[in-house]
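Enquirer: With the working numbering applied, the sequence shown closes on residue 216, and no number is skipped along the way.
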Amino acid sequence: MFLHLRPEIMETQEQEIILRTLDLFMRYGIRSITMDDVAREMGISKKTIYRYFDNKADLVHKCVTLVHDTIKSRMEEIHQSAKNAIDELFDIDRVVREILENHNPGVRFQLRKYYPKTYNEVFHGRKQLILKMIAENIESGKQNGLYREDVVTDIVAHLYCSKVETLPDEEEQLVNKYNMKPIMRQGLVYHIRGIASPKGLEYLEQKLKSEKE
Numbered sequence: 004m005f006l007h008l009r010p011e012i013m014e015t016q017e018q019e020i021i022l023r024t025l026d027l028f029m030r031y032g033i034r035s036i037t038m039d040d041v042a043r044e045m046g047i048s049k050k051t052i053y054r055y056f057d058n059k060a061d062l063v064h065k066c067v068t069l070v071h072d073t074i075k076s077r078m079e080e081i082h083q084s085a086k087n088a089i090d091e092l093f094d095i096d097r098v099v100r101e102i103l104e105n106h107n108p109g110v111r112f113q114l115r116k117y118y119p120k121t122y123n124e125v126f127h128g129r130k131q132l133i134l135k136m137i138a139e140n141i142e143s144g145k146q147n148g149l150y151r152e153d154v155v156t157d158i159v160a161h162l163y164c165s166k167v168e169t170l171p172d173e174e175e176q177l178v179n180k181y182n183m184k185p186i187m188r189q190g191l192v193y194h195i196r197g198i199a200s201p202k203g204l205e206y207l208e209q210k211l212k213s214e215k216e
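(1) Within 10 angstroms of its Cβ, does residue 64 collect 16 or more other Cβ (buried), or is it exposed?
(2) Assuming the contact rule is C-beta atoms closer than 8 Å, residue 109 and residue 32 should be a hit. Round their C-beta distance to whole Å, please.
(3) Which of helix, strand or coil does DSSP assign to residue 118?
(4) From the DSSP output, in three-state form, read off residue 199 for me.
(5) If I follow the unbroken alpha helix (DSSP H) through residue 28, where does it start and stop?
(6) For residue 150, which residues does DSSP report across the bridge?
(7) Taking the beta carbon of residue 140 as the centre, do at least 16 other beta carbons fall within 10 Å, making it buried, or is it exposed?
(8) Would you kindly work out how many angstroms separate the C-alpha atoms of residue 11 and residue 80, rounded to a whole number?
(9) Drop a sphere of 10 angstroms on the beta-carbon of residue 181, count the other beta-carbons inside from all chains shown, and report buried for 16 or more, exposed for fewer.
(10) What residue does the alpha helix (DSSP H) around residue 53 start on, and which one ends it?
(11) Whole angstroms are fine: how far does the CA of residue 75 sit from the CA of residue 132?
(12) With a 10 Å radius around its C-beta and 16 neighbouring C-beta atoms as the bar for buried, classify residue 21 as buried or exposed.
(13) Are the beta-carbon atoms of residue 89 and residue 206 separated by less than 8 Å?
(14) Can we say the stretch 109-129 touches the stretch 206-215, given the rule of at least three CB pairs closer than 8 Å?
(15) Mapping DSSP to helix, strand and coil, what is residue 129?
(16) Return the CA-CA distance between residue 142 and residue 42, expressed in angstroms with no decimal places.
(17) Using 8 Å as the threshold, is the stretch 51-64 in touch with the stretch 93-102, meaning 3 or more CB pairs across them?
(18) Which residues in the same chain as residue 129 place their Cβ atom closer than 8 Å to its Cβ, once the five residues preceding and following it in sequence are excluded?
(19) Have a look at 24, 200, 135, 50 and flag the residue whose alpha-carbon is nearest the alpha-carbon of residue 158.
(20) If you check the beta carbons only, do residue 118 and residue 199 fall under 8 Å apart?
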């Protein structure tokens, strides 16, 4: 299941339908799944589905919104619990990697083509969320002496976000050659080394060394 959506959110039949539909979308694509397919998968009538959703577009919107809200919740938890800015980036990287590993180019293409309003709303929201998180991370790192003072927060945050948004679609050969973990890890280390102060570089090297032990 995408992003390990948590059991505690499955409190109602509506949410159960959303979760099962998400699974169908990820396996077969959005375009090919009908309300009949969802009803069959759930073992319920279409009338029951329409009790919660006006139409397929409404169901798609609520499915994608749930994924976005789950990502947002995970990011907020990381922001609250991270020891420092570099640790926070490693934790953010883990969530972003999970998003990209579950990335289905066909689903994103179909969403953009057939449900542009939902696509624009949700993916714009995701981009703004990542930008905000990275900008706050940079400012925190500067205050704690882990990042250099001359780093331009807005520029670097946008560069990071662009990497996340374009990697699955524009670097297909790279993604096919390696799995997502080493790609993301190399990108993360490259990013941190580009903005870290001597103190931050020392902490980064200690962290990388401890991971190998």
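Positions of the beta carbon are idealized from the N, C-alpha and C atoms, including for glycine.
Since the structure is predicted, the reported quantities are computational estimates derived from the model, not experimental observations.
Expert: Considering the structure as presented:
(1) Counted from its first residue, the sequence shown places residue 64 at position 61. By the neighbour-count rule (16 or more Cβ atoms within 10 Å), residue 64 is buried.
(2) The residue given as residue 109 occupies position 106 in the sequence shown. The residue given as residue 32 occupies position 29 in the sequence shown. Sure, about 5 Å apart at Cβ, within 8 Å.
(3) As a first step, residue 118 must be located in the sequence shown, where it is residue number 115. Residue 118 falls in the coil class under three-state DSSP.
(4) Position 196 of the sequence shown, counted from the start, is the residue given in the question as residue 199. In the structure shown, residue 199 sits in a strand (DSSP, three-state: E or B).
(5) Within the sequence shown, numbered from 1, the residue matching residue 28 stands at position 25. Residues 16-31.
(6) Translated into the one-based positions of the sequence shown, residue 150 becomes position 147. Its beta-bridge partners are 199.
(7) Sequence index remark: in the sequence shown, residue 140 carries index 137 (1-based). Flag for residue 140 reads buried.
(8) Counted from its first residue, the sequence shown places residue 11 at position 8. Counted from its first residue, the sequence shown places residue 80 at position 77. Interpretation of residue 11 is limited by its pLDDT of 48, a score under 50 that renders its predicted location unreliable; the figure taken from the coordinates is listed afterwards. So the alpha carbons of these two residues sit roughly 16 Å apart.
(9) If you number the sequence shown from 1, residue 181 lands on position 178. Classification of residue 181: exposed, given that the 10 Å Cβ count is below 16.
(10) For the purposes of this step, residue 53 is taken as residue 50 along the sequence shown, with counting starting at 1. Residue 53 -> alpha helix (DSSP H) spans 49-55.
(11) As a working mapping, residue 132 is identified with position 129 in the sequence shown. As a working mapping, residue 75 is identified with position 72 in the sequence shown. Distance between the alpha carbons of residue 132 and residue 75 is about 7 Å.
(12) Walking along the sequence shown from the start, residue 21 turns up at place 18. With 16 or more Cβ atoms within 10 Å of its Cβ, residue 21 is classed as buried.
(13) The residue you call residue 89 lines up with position 86 of the sequence shown. The residue you call residue 206 lines up with position 203 of the sequence shown. Yes, the pair counts as a contact, with Cβ atoms nearer than the cut-off.
(14) no
(15) Here residue 129 refers to the residue found at position 126 when the sequence shown is read from its first residue. It is helical.
(16) Taking the sequence shown and counting its residues from 1, the one referred to as residue 142 is at position 139. Taking the sequence shown and counting its residues from 1, the one referred to as residue 42 is at position 39. Spanning the two alpha carbons is a distance of roughly 48 Å.
(17) no
(18) As a working mapping, residue 129 is identified with position 126 in the sequence shown. Correct list, in chain order: 71, 74.
(19) Counting from one through the sequence shown, the residue named residue 158 turns up at place 155. Answer by Cα proximity: 135.
(20) As a position in the sequence shown, residue 118 is number 115, starting the count at 1. As a position in the sequence shown, residue 199 is number 196, starting the count at 1. Cβ distance not < 8 Å, so residue 118 and residue 199 don't count as in contact.
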